[in-house]
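>
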Amino acid sequence: MSADRLSSVSKEVKPESVLLHPLGTAAAPEQELLCIFGTGDLGRSLGQRLLQSGYRVVYGSRRPHSCGPLPLGAQATSHEAAAQSAGVVFICIHRGHYDFLETLAPQLEGKVLVDVSNNLKKNIYPEANAEYLQRLIPGAHVVKAFNTLSAWGLQNGPSDANRQVFLCGNSAEAKQAVAEMSTKLGLTVLDKGSLSAARELEDFPLQLFPEWRLPLRVAVGLTAFFFFYLLIRDIIYAYVVQGKDVSFRIMVSLANKVFPIVSLIMLCLCYLPGVIAAFLQLYRGTKYRRFPDWLDRWMLCRKQLGLIALGFAFLHVLYTLVIPIRYYVRFRIAEHTISQIKENTTSVFDTTTAWRADSYYSMGILGFGLFILLGITSLPSVTNALSWREFSFIQSKLGYLTVFFCTFHTYLYGWSRFLNPSSYKWYTPQAYLLSLVVPSLLIVLKLLLLLPCVDRSLIRIRQGWERNDPEDSSAKALLP
Amino acid sequence: MSADRLSSVSKEVKPESVLLHPLGTAAAPEQELLCIFGTGDLGRSLGQRLLQSGYRVVYGSRRPHSCGPLPLGAQATSHEAAAQSAGVVFICIHRGHYDFLETLAPQLEGKVLVDVSNNLKKNIYPEANAEYLQRLIPGAHVVKAFNTLSAWGLQNGPSDANRQVFLCGNSAEAKQAVAEMSTKLGLTVLDKGSLSAARELEDFPLQLFPEWRLPLRVAVGLTAFFFFYLLIRDIIYAYVVQGKDVSFRIMVSLANKVFPIVSLIMLCLCYLPGVIAAFLQLYRGTKYRRFPDWLDRWMLCRKQLGLIALGFAFLHVLYTLVIPIRYYVRFRIAEHTISQIKENTTSVFDTTTAWRADSYYSMGILGFGLFILLGITSLPSVTNALSWREFSFIQSKLGYLTVFFCTFHTYLYGWSRFLNPSSYKWYTPQAYLLSLVVPSLLIVLKLLLLLPCVDRSLIRIRQGWERNDPEDSSAKALLP
Amino acid sequence: MSADRLSSVSKEVKPESVLLHPLGTAAAPEQELLCIFGTGDLGRSLGQRLLQSGYRVVYGSRRPHSCGPLPLGAQATSHEAAAQSAGVVFICIHRGHYDFLETLAPQLEGKVLVDVSNNLKKNIYPEANAEYLQRLIPGAHVVKAFNTLSAWGLQNGPSDANRQVFLCGNSAEAKQAVAEMSTKLGLTVLDKGSLSAARELEDFPLQLFPEWRLPLRVAVGLTAFFFFYLLIRDIIYAYVVQGKDVSFRIMVSLANKVFPIVSLIMLCLCYLPGVIAAFLQLYRGTKYRRFPDWLDRWMLCRKQLGLIALGFAFLHVLYTLVIPIRYYVRFRIAEHTISQIKENTTSVFDTTTAWRADSYYSMGILGFGLFILLGITSLPSVTNALSWREFSFIQSKLGYLTVFFCTFHTYLYGWSRFLNPSSYKWYTPQAYLLSLVVPSLLIVLKLLLLLPCVDRSLIRIRQGWERNDPEDSSAKALLP
């Protein structure tokens, strides 16, 4: 039954990576022999890749003769024999099956054991798999590595997948050996220290956007708040007071108010912490005092805040552009035209309104354009292509320009509406007024920081100058 | 005439990479000397880069004194002298000129020859250039390398170009030497085995989107089918039956039906194979049985299917947003308004229609927004920044949400139209009905898989459990 | 007061990179000891990273006992002691404080000094910091490195920041040592030669889009010209001749003429140099003659020209799609409808106009779609995933298709307007006519190059053939 075993993943192999060149392995007899325990997806992919990179590979299996199709050029034998033959053994089996390794302790004595295992959930075991393995075979040098790579990634080479390998272990030589192997596979290595880091490494593939949690919560919270705020003002008010059912406005009109409002606020929220930090440094007269935790946490999720804001802005644009196609809008326009004729009234063209409306759109478009630019430059590959100064120029200078355009866009939208008492339904202000609080605050604070005198002392502080002790220099001679 | 030779490409050098530092080479006298045959684009670029990385370089040329401007710090001499002086010789000349190398066999005896050549077409020579070179000079250790890099890429350093170097050869030491050289140039190496892999490496730069072929064929096929289907129903039918010439509708109206339909179908086609595979595994009760080839091939081009679908969706959006500016639409609207007045009829506002229309747009916008998100996360640099779990979360969970939104969007578009007999021109159903077949099927199948019982056993299978032989465990103890 | 010093940047540490594993350092006693002078942001980040990568770290500080919180596992001592203890010393202090190092000359004799410093401005010092350091301590081997990495980037590992390290220095061994260190940190090294390259390396982080200067100047110039050209024709003319104030048209109508015009011209400007180069090579009958400098400079900024053009096209699309929501447009449409009724005239539907208008939009949409595709493929990570042939296929073939679509789009926009004498206000042609000059020229030239005979000889030239001396072959046998 296990005749032609090959899992779906393991089958997803690029043509060229399938045809191996055993001749190559033959031609270079002095190549190192590596042992792999487990003939599963990862075991097979790893073996294939090692063979391609010029190693010889032997698989350890309980059923060496029926363990399915192995990569060309690899042999399979018993666990004992395989372990004996090689200095490095890759453990590509589930932690659940580690126990049987204990019986191999003598053969594995002094060998380098590479633990590549992952778990399906966090904290289901008291200790990390690699630590457990080390406990089972104290005589071996366990190194945790490769577990952050997928079988898929391994097979298609680093050009397709992440080429970063994290490893940790208690033996420096063992780590060195695995590191050299990795670089031969075209991967770059980052040593994370001793085996006590294994847990961290094993949790990595299980993490789900940790740095996005806070920003997403903020986004959901703001969206919910403004949705209900507008629901009450626009829909329920109309129903209760005017007895009109305009519930259909929820789908587009309401959405198109919530999205831009939340987008604007979140855009400003990703620039506010920087300003607050600056004022804190000015107030303290030093940059060496640690910021309060809430500010640190806020700082760390600025990028995410900005990207979510961009997403909402994008939806706002689509919702706006779809307006003229809407049945409701077309109906109203026709109705208006007809009524004009019936009452034989002719509305006169108001240049001011034209100016206002057009500038309103223009500001929005330019703001959105810049916003997209910010988004593009925060793509990893683009960021890496920028020098530090270029990146900060775009993210701060252009960022504030975006904030300005979008805020001005909102002011133009409101125009003189806030003067109109009828717009204060149930004594609540219009939503756009609420959305302007944070941006206005941000812009005022930023303008204060741009005052020459303030700016100068801030730069001095950022360069390491301190108000309190002017003599101590070398300790704080830091690079900007 | 060869006074100031320098080809256009070879001139495209970043300022800093032009000004070299021969002093550096002078300051470190024990640096390795490398030899380059051929003073062409690649020869020059390679030499420049090698010099920058601290090697000494000598060019072998037939006319050492008139072979044009070489990188600063490099000498040129006869092929014989150059070959003698260095242990590694880069062959940067066309295969067409290899024959003369035969005369240098004695000087090249035991040297490492790096073949960097490419051909202009596939299969124009019986054997790979590198293999041919090895045949010409059996005494040398030929290594195929660098041919996948462009002169352009070499000069501007890995930050601009792909930093992956593929190499192959029969001598492990020779490959090792070239590999170390490559890492010194800031490149990462992937050993592809023996010289028999040379053909594969030489074909690589000539490949033109191999993995895009199938998806593009599907896209073209679907587009053609729906174009003619709609042409007959919308244009020809109107001409034949109603005698109206509405041919102008081809440009926008028709396009705006074809693109969304094909987009929706292709989006579903990139999720369907996963579902089929799941059912196959459930049916077989194991994941170790190889999938039929058609399913494998289908699986491998899911990403491409999705990206083409995204492109079509993007066009659909633009075609939709352009509607209200169209002369035809404006004319019809005005006509409608006027007729209303003439006949003094006033159409009443229908809340249901408003609900339907607005939800229809809202679904479309949200679906498109998610679709864009999927597209962004499939950018190499973004994919690499995601953990395996994060990637699969986005591509599967959010992917199905996209499918749902877009399908619902289409259902809302159709609404009750399919009940209208007049819409069955020439007994053919409307195109949108056809487009709903695949999505509906996909969603039903997916819902079946989400049933707790089904889901549970599928997970067990994916973890390596098998219905047939429960005892055999270690052999299939695979990492997910 | 220096109790809990930690600068904002230095605090921006990922959770996992904070918890270090001193046990690891303990477990491997033979690890190399490195010395860091300066406990600032970069000093601390560097130390942390070195510790994570398995090195032991000792800080040299003037106040070893009050130099703030150092990374776990690092000791702090006097500069003298620290210098003595380690073979490699990282100088993480401001150039302004280098002078005190002179006193340590004896301890630093023969050591490798890694200068990681940057300046705040270009050319504020007569010589590079590293060269100055070398002059202060002639006995040491100064290596310039890591200065292009940010403290931020160092801490979060290469996956987040650019992994490229540039280094230079006069001692090859010293450079080798630093290079090995860098690869252990998961970075890739590019040797830039001797210490005379230090200035270049120190200027790198200060550069601000050097390759964007020229294209931006062109963009600004063209935008300004067409803005004023249209201001005069559309606004001022209407005011002077017809006495109408249509100044509000500046915000949208005018912008929506300037952006597409500049976009089209710049798109063509990024393909024109290639065509010119081809004709030059045809005329000269060789590809080995150096191009005039202006052409080279032009060639080097093609990508930037294209991207700016894409940005303008994007704005054009938004400005176009916003048209139907504009107050002005709605007013005019209503006005038109009303007048029709009043005068009881009924405009007849013109199929030709419908054809023209719809094709005009369709061409624009398809052109923009392709343009976006070009933009995406020029993202670094996407470019790297493409083979050379694939890249050139997209950038040239699809590029010219884009040019064709956009030009055709503009022709359709103009249609027969240029025949209308009233459109020549003040004897000036319409702006779109001016915008068509470059594209038309480009297309004509390109078509000439596509003539079989011309194409054939161009290919021959590009393969190294020369009209003048047919016999000399090997010297110019270049890879394409």
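Just so you know, the sequences run in chain order A, B and C. Going by UniProt numbering, the first residue of the first sequence is number 1, and it counts up by one from there. Going by UniProt numbering, the first residue of the second sequence is number 1, and it counts up by one from there. Going by UniProt numbering, the first residue of the third sequence is number 1, and it counts up by one from there. Positions of the beta carbon are idealized from the N, C-alpha and C atoms, including for glycine. Bear in mind the structure is a predicted one, so any value in this text is a computation, not a measurement.
Could you tell me how far apart the beta carbons of isoleucine 365 of chain C and leucine 315 of chain B are, in whole angstroms, since I believe they sit closer than 8 angstroms?
Translated into positions along the third sequence, residue 365 of chain C becomes position 365. Translated into positions along the second sequence, residue 315 of chain B becomes position 315. Yes, isoleucine 365 of chain C and leucine 315 of chain B are in contact; Cβ-Cβ is about 6 angstroms, under 8 angstroms.
> Answer with yes or no whether the minimum CB distance from phenylalanine 204 of chain C to chain A is below 8 angstroms.
Locating residue 204 of chain C in the third sequence gives position 204, where the first residue counts as 1. Phenylalanine 204 of chain C counts as touching chain A.
> Mind listing the chain E neighbours of isoleucine 341 of chain B? Cutoff is C-beta to C-beta under 9 angstroms, in chain order.
The chain labelled as chain E is not found among the protein chains of the depicted structure, namely A, B and C.
> Just the Cα atoms here: how many angstroms apart are lysine 121 of chain A and isoleucine 91 of chain A?
Along the first sequence, read from residue 1 onward, the residue named residue 121 of chain A stands at position 121. Along the first sequence, read from residue 1 onward, the residue named residue 91 of chain A stands at position 91. Each residue's alpha carbon lies about 19 angstroms from the other.
> Does the beta-carbon distance from valine 116 of chain C to phenylalanine 146 of chain C come in below 8 angstroms?
In the third sequence, residue 116 of chain C corresponds to position 116, counting from 1. In the third sequence, residue 146 of chain C corresponds to position 146, counting from 1. Yes, the pair counts as a contact, with Cβ atoms nearer than the cut-off.
> Output needed for residue 485 of chain B: all residues of its chain with C-beta closer than 7 angstroms, excluding positions within five of it in sequence on either side, in chain order.
For chain B, the structure presents residues 1 to 480; residue 485 of chain B sits outside this window and is missing.
> Between which two residues does the alpha helix (DSSP H) harbouring leucine 50 of chain B extend?
Here residue 50 of chain B refers to the residue found at position 50 when the second sequence is read from its first residue. Taken as a continuous stretch (DSSP letters only), the alpha helix (DSSP H) holding leucine 50 of chain B covers 41 to 52.
> Is there a Cβ from chain A that is less than 8 angstroms from the Cβ of tyrosine 361 of chain B?
Numbered from its first residue, the second sequence carries residue 361 of chain B at position 361. Yes, because at least one Cβ of chain A sits closer than 8 angstroms to the Cβ of tyrosine 361 of chain B.
> So what does alanine 76 of chain C bridge to, in DSSP terms?
In the third sequence, residue 76 of chain C corresponds to position 76, counting from 1. C:Tyr59.
> Just tell me which of A:Asp99, A:Tyr237, A:Arg44, A:His97 has its CA closest to the CA of alanine 74 of chain A.
Here residue 74 of chain A corresponds to residue number 74 of the first sequence, with the count starting at 1. Comparing Cα-Cα distances from alanine 74 of chain A to each of A:Asp99, A:Tyr237, A:Arg44, A:His97, the minimum goes to A:Arg44.
> Please say whether threonine 402 of chain A and leucine 267 of chain A have beta carbons closer to each other than 8 angstroms?
Here residue 267 of chain A is taken as the residue at index 267 of the first sequence, counted from 1. Here residue 402 of chain A is taken as the residue at index 402 of the first sequence, counted from 1. Cβ atoms of leucine 267 of chain A and threonine 402 of chain A: closer than 8 angstroms.
> In chain order, what residues of the same chain lie with their CB nearer than 7 angstroms to the CB of tryptophan 415 of chain B, ignoring the 5 residues before and after it?
Along the second sequence, one-based indexing puts residue 415 of chain B at 415. Same-chain partners within the cutoff: Arg356.
> Give me whichever residues DSSP pairs with phenylalanine 37 of chain C in a beta bridge.
Here residue 37 of chain C refers to the residue found at position 37 when the third sequence is read from its first residue. Answer is C:Gly60, C:Ile91, bridged to phenylalanine 37 of chain C.
> Output yes if chain A places a C-beta closer than 8 angstroms to the C-beta of threonine 148 of chain B; else output no.
Position 148 of the second sequence, counted from the start, is the residue given in the question as residue 148 of chain B. Judged by the 8 angstroms Cβ criterion, threonine 148 of chain B is not in contact with chain A.
> Give a yes or no on whether 8 angstroms exceeds the smallest Cβ distance from isoleucine 365 of chain B to chain A.
Sequence index remark: in the second sequence, residue 365 of chain B carries index 365 (1-based). With 8 angstroms as the cut-off, isoleucine 365 of chain B counts as an interface residue toward chain A.
> Pull up the DSSP beta-bridge partners for histidine 97 of chain A, would you.
Working through the first sequence from its first residue, we reach residue 97 of chain A at position 97. Looking at the DSSP assignment, histidine 97 of chain A forms no beta bridge with any residue, so it has no partner.
> Beta-carbon within less than 7 angstroms of isoleucine 372 of chain C's beta-carbon, same chain only, minus the 5 sequence neighbours each way: which residues are those?
Counting from 1 along the third sequence, the entry for residue 372 of chain C is found at position 372. Same-chain partners within the cutoff: there are none.
> When we look at the beta-carbon of aspartate 41 of chain B and count the other beta-carbons within 10 Å, is it buried (16 or more) or exposed?
The residue labelled residue 41 of chain B in the question sits at position 41 within the second sequence. Classification for aspartate 41 of chain B: buried.
> Can threonine 188 of chain A and glycine 399 of chain C be called in contact, C-beta distance under 8 angstroms?
Locating residue 188 of chain A in the first sequence gives position 188, where the first residue counts as 1. Locating residue 399 of chain C in the third sequence gives position 399, where the first residue counts as 1. Cβ atoms of threonine 188 of chain A and glycine 399 of chain C: not closer than 8 angstroms.
> Give me the Cα-Cα distance between glycine 47 of chain B and proline 71 of chain B, rounded to the nearest whole angstrom.
As a first step, residue 47 of chain B must be located in the second sequence, where it is residue number 47. As a first step, residue 71 of chain B must be located in the second sequence, where it is residue number 71. When rounded, the distance between both Cα atoms is 7 angstroms.
> Using DSSP with H/G/I as helix, E/B as strand and the rest coil, what is aspartate 245 of chain A?
On the first sequence, residue 245 of chain A is found 245 positions in, with the first residue counted as 1. Reduced to three states, the DSSP call for aspartate 245 of chain A is coil.
> Pull up the DSSP beta-bridge partners for phenylalanine 166 of chain B, would you.
Start at 1 with the first residue of the second sequence, and residue 166 of chain B comes out as number 166. Its beta-bridge partners are B:Leu190.
> If you count every other CB in all the chains shown that lies within 10 Å of the CB of tyrosine 424 of chain C, and 16 or more means buried, which is it?
Mapped onto the third sequence, residue 424 of chain C falls at position 424. Label assigned to tyrosine 424 of chain C: exposed.
> Under 8 angstroms, Cβ to Cβ, is there at least one residue of chain A near leucine 451 of chain B?
As a first step, residue 451 of chain B must be located in the second sequence, where it is residue number 451. False, the Cβ-Cβ gap to chain A never drops below 8 angstroms.
> Report the option in B:Ala177, B:Gln395, B:Phe408, B:Ala83 whose CA atom is closest to the CA atom of leucine 108 of chain B.
Position 108 of the second sequence holds residue 108 of chain B. Nearest option by C-alpha distance: B:Ala83.
> In angstroms, rounded to a whole number, what distance separates the CA positions of threonine 407 of chain C and serine 263 of chain C?
On the third sequence, position 407 is the one that residue 407 of chain C refers to. On the third sequence, position 263 is the one that residue 263 of chain C refers to. Using only the alpha carbons, I get a separation of about 11 angstroms.
> Kindly provide the ranges of any alpha helix (DSSP H) runs that are 4 or more residues long and lie completely inside the segment 390 to 444 of chain A, ordered along the chain.
Runs found: 399 to 414, 431 to 435.
> According to DSSP, is arginine 326 of chain A part of a helix, a strand, or is it coil?
Translated into the one-based positions of the first sequence, residue 326 of chain A becomes position 326. Correct three-state label for arginine 326 of chain A: coil.
> Within 8 angstroms of any Cβ in chain B, is that where the Cβ of lysine 192 of chain C sits?
For this step, residue 192 of chain C is matched to residue 192 along the third sequence. It does: the Cβ of lysine 192 of chain C has a partner Cβ on chain B nearer than 8 angstroms.
> Check each residue of the segment 174 to 188 of chain C: if its Cβ is closer than 8 angstroms to any Cβ of chain B, include it; give the result in chain order.
Per Cβ criterion, the list reads Lys175, Ala179, Thr183, Thr188.
> By Cβ distance below 8 angstroms, which residues in the same chain neighbour valine 382 of chain A in space, the five residues on each side in sequence not counted?
As a position in the first sequence, residue 382 of chain A is number 382, starting the count at 1. The residues are Ile376.
> Can you pull the chain C neighbours of phenylalanine 90 of chain B, defined as C-beta to C-beta under 9 angstroms?
If you number the second sequence from 1, residue 90 of chain B lands on position 90. Chain C residues near phenylalanine 90 of chain B: none, gap ~11 angstroms exceeds 9 angstroms.
> Compute the Euclidean distance between the alpha carbons of arginine 330 of chain C and isoleucine 333 of chain A, then round it to the nearest angstrom.
Within the third sequence, the letter at position 330 stands for residue 330 of chain C. Within the first sequence, the letter at position 333 stands for residue 333 of chain A. Straight-line Cα distance between these residues: approximately 8 angstroms.
> Note down, in chain order, every chain C residue with its Cβ under 7 angstroms from the Cβ of proline 324 of chain B.
If you number the second sequence from 1, residue 324 of chain B lands on position 324. Those are Pro324, listed as they occur along chain C.
> Chain A beta carbons: is any one of them nearer than 8 angstroms to that of phenylalanine 349 of chain C?
Residue numbering aside, residue 349 of chain C sits at position 349 when the third sequence is read from its first letter. No, phenylalanine 349 of chain C lies away from the interface with chain A (no Cβ there is under 8 angstroms from its Cβ).
> Along chain A, which residues have their Cβ under 8 angstroms away from the Cβ of proline 429 of chain C?
Taking the third sequence and counting its residues from 1, one reaches residue 429 of chain C at position 429. Those within 8 angstroms of proline 429 of chain C in chain A number zero; the least Cβ separation is about 26 angstroms.
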